[in-house]
Amino acid sequence: MKKIILTMIALVFALMTFSEVYIFLYHRFDDERYPSTSTSTEEIKNHIKIVKEKGYEILDHQDFLSYVNGDKNYENAVLFTIDDGYKTTTKAHKLFKEENIPYLLFINTGNVGYPDYLTWEQIRQLDEFSGLTLGLHSHEHDNFLYMLEQNGKEYTLNFFEEDLIKSQKAFEDEMGYKSEIYAYPYGYYTYGMDDILKDNNFKYAFTQDMGPYIKEYGKYFIPREPLLLDWATESHLSYILNRKALLTKDRYPVEIPLGEEFQISLTTNDNIRDTKLYISQEGLLDTVKDGNKIYSTNYFTSNQLLNRIAIFARDTESGKEKVRYWLLRNIGE
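Residue numbering for the sequence shown follows the UniProt record's numbering, starting at 1 and increasing by one per position.
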């Protein structure tokens, strides 16, 4: 009887469908000095046009928070976000305000007022738009991947908490209220940062792992889709809006000691075919699917600071691509 019940639970899990939210990420606008992080306002206009034509709901902070908390579902929805608070943000803001498009803006507070960044007065002016929600993007904008390798996890988590408190104080001193949302600098994170954010009353936090988001992924490591260069084109936007989130378990590796050899593996109850694993340093890998377990045929040692791992597959019924990305963290001593 117990075996029958477990089989039924697994079947129900496999047949579940999830409502995705597609979260767009931008940095600079119409800035030819930095093409790798700049998006033209004409491209953003086209992004808005495409999602409207496709009938996607454009969420604001409260809409998204309701989704994250499991209080509301959306059939098709997108969320616009901007990191860093560069001066060129004013160009995107003007467009969003004219189109009445809500968005989230994440400020690294230590850089406010520097030549290429918004001033606090400019941020207060932007904040007059009801569609804008401001979040924190740290104070010092440090590289937590490098910090984990060089100084270890305990040091990194202590630094993260101190920096978070410093950033929140700077924000509250200037804005008169506390922020409740966060985006990791460079999208780099590690386990334990989620607990610190929760303890400091943050509602959710974003990475820069790609792919659509489902609330089953949790609140503090939310993926986003960067829209810049070739990824800002209409064809790429249509591609990412057509893929689905893959729910996985037992992903390995996620965090490993620096220099340790590993084999990539995970399990999923989703009904999928044509599975392929990927890691940045190698590209697509020879992959085995054995029931609900998926693993690489080879073993690897991380040879670069930034490595993202991903699984790509096709839904057996619809044929749509399903994806899940995550960040590999090498932990030094």
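The beta carbon of each residue, even a glycine, is placed where N, CA and C say it ideally should be.
As the structure is a prediction and not an experimental result, all values here were calculated from the model.
query	result
Note down the Cα distance separating E98 from G131, rounded to an integer number of angstroms.	11 Å
Could you compute how far the alpha carbon of E32 sits from the alpha carbon of S38?	7 Å
For M1, I'd like the list of residues in its chain whose CB is within less than 7 Å of its CB, leaving aside the five on either flank, ordered along the chain.	Any reading at M1 must be qualified, since the residue scores a pLDDT of 48, below 50, and its modelled position is unreliable; the value itself is stated next. Nothing listed; no residue qualifies.
Mapping the DSSP letters down to three states, classify K87 as helix, strand or coil.	coil
Between N292, T268, T297 and E42, which lies nearest to residue 347 when the distance is taken from Cα to Cα?	This structure leaves residue 347 out entirely; the chain is present only between 1 and 333.
List the endpoints of the continuous alpha helix (DSSP H) containing T41.	T41 to E53
In the structure shown, what three-state DSSP assignment does P226 receive?	strand
The alpha helix (DSSP H) with W120 in it runs from where to where?	W120 to L126
Please report how far the alpha carbon of Y213 lies from the alpha carbon of I222, in whole angstroms.	7 Å
So, G218 versus L327, is the Cβ gap smaller than 9 Å?	no
F221 lies in the beta strand (DSSP E); which residues open and close that run?	Looking at the DSSP string, F221 is not in any beta strand (DSSP E), and its letter there is neither H nor E.
For I165, which residues from the same chain have a beta carbon less than 8 Å from its beta carbon, with the 5 sequence-adjacent residues on both sides left out?	N200
Taking the C-alpha atoms as reference points, what is the distance between Q150 and D163?	18 Å
In or out: V78 buried (at least 16 other Cβ within 10 Å) or exposed?	buried
From this set, K91, K169 and G176, which residue's C-alpha is nearest R124's C-alpha?	G176
Is there contact between the segment 111-124 and the segment 61-79, where contact requires at least three CB pairs shorter than 8 Å?	no
Thinking C-beta only, is I264 closer than 9 Å to L285?	yes
Tell me, to the nearest whole angstrom, how far the beta carbon of L25 is from that of D84; I am working on the premise that it is less than 8 Å.	11 Å between Cβ atoms; not a contact.
Spatial neighbours of S36 within its chain, please: C-beta separation below 8 Å, excluding the five flanking residues on both sides.	L228 and L229
I need the DSSP call for P212, collapsed to helix, strand or coil.	coil
Based on Cα-Cα distance, which residue from I58, D63, K87 and M147 lies nearest to G332?	M147
Between which two residues does the alpha helix (DSSP H) carrying K72 extend?	First-last for K72: undefined, no H or E at that position.
What number of angstroms, rounded off, separates the C-alpha of V254 from the C-alpha of D290?	21 Å
E255 lies in the beta strand (DSSP E); which residues open and close that run?	E255 to P257
Could you give the distance in angstroms between the alpha-carbon of G192 and the alpha-carbon of F106?	21 Å
Flag this pair as yes or no: are the beta carbons of F160 and F171 separated by less than 9 Å?	no
Please classify R28 as buried or exposed, where buried requires at least 16 other C-beta atoms within 10 Å of its C-beta.	buried
Check for me: the beta strand (DSSP E) holding A232 runs from which residue to which?	From DSSP, A232 is part of no beta strand (DSSP E); its letter is neither H nor E.
Report the three-state DSSP secondary structure of G283 (helix, strand or coil).	strand
Do S302 and I256 have their beta-carbon atoms positioned less than 9 Å apart in this structure?	yes
Consult DSSP for G110 and reduce its assignment to one of helix, strand or coil.	helix
Going by C-alpha distance, which of F300, R243 and Y189 is nearest E20?	R243
For L164, which of helix, strand or coil comes out of DSSP?	helix
Between the beta-carbon of E181 and the beta-carbon of T133, is there less than 9 Å?	The sequence as given places Ile at residue 181; Glu does not occur at that position. Yes.
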